[in-house]
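The opening residue of the sequence shown carries number 42 in this note's numbering; numbering runs sequentially from there. Here the structure is laid out as structure tokens; the discussion comes afterwards.
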Amino acid sequence: TIPSGAPVSAMNNLGAHLSERRFLWRFPIGSDLADYIVVDPTLPGKDFDRSQLTEKDFKELLDRIFSNDNLSMIYQSQDLLVLKRTSNILDTE
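The following block contains the structure:
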């Protein structure tokens, strides 16, 4: 689903599946730069250091991501969401 050279921001529990990529950020880091965002919505707050991102912060961040017009959902299951950036501020017309 995700091209091998694409930059990705993913939750820590999913990073092992994506670790051979040149650009892989631990979500939410890189979520504004990555072409793809991969999250497990069933783990709000459990994948993060509590001092960095609370469960409430995680839910608010997901809400912002889902309302972003530059991202579209390309895959969804019970415990996995994959979003693709549809445009980038660096894209030229």
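Each residue gets a CB set at the ideal place from its N, CA and C atoms; glycine is no exception. Source: prediction; values computed, not measured.
Among the options, whose alpha-carbon lies nearest the alpha-carbon of residue i?
| i | options | result |
| --- | --- | --- |
| aspartate 81 | Gln119, Thr42, Lys125 | Gln119 |
| leucine 112 | Ala75, His58, Glu61, Lys97 | Ala75 |
| arginine 62 | Ser128, Gly46, Val123, Tyr77 | Gly46 |
Quick one: using the 10 Å Cβ neighbour count with 16 as the cut-off for buried, is residue i buried or exposed?
| i | result |
| --- | --- |
| methionine 114 | exposed |
| tyrosine 116 | exposed |
| arginine 126 | buried |
Please list the terminal residues of the continuous beta strand (DSSP E) segment that includes residue i.
| i | result |
| --- | --- |
| isoleucine 51 | It is alanine, not isoleucine, that sits at residue 51 in the sequence shown. 49–51 is the span of the beta strand (DSSP E), which, as asked, contains alanine 51. |
| isoleucine 78 | 77–80 |
| arginine 67 | 65–67 |
Specify the secondary structure class of residue i as computed by DSSP and reduced to three states.
| i | result |
| --- | --- |
| leucine 55 | helix |
| glutamate 96 | helix |
In chain order, each beta strand (DSSP E) run of at least 3 residues that lies wholly inside the stretch 99–128: 112–118, 121–126
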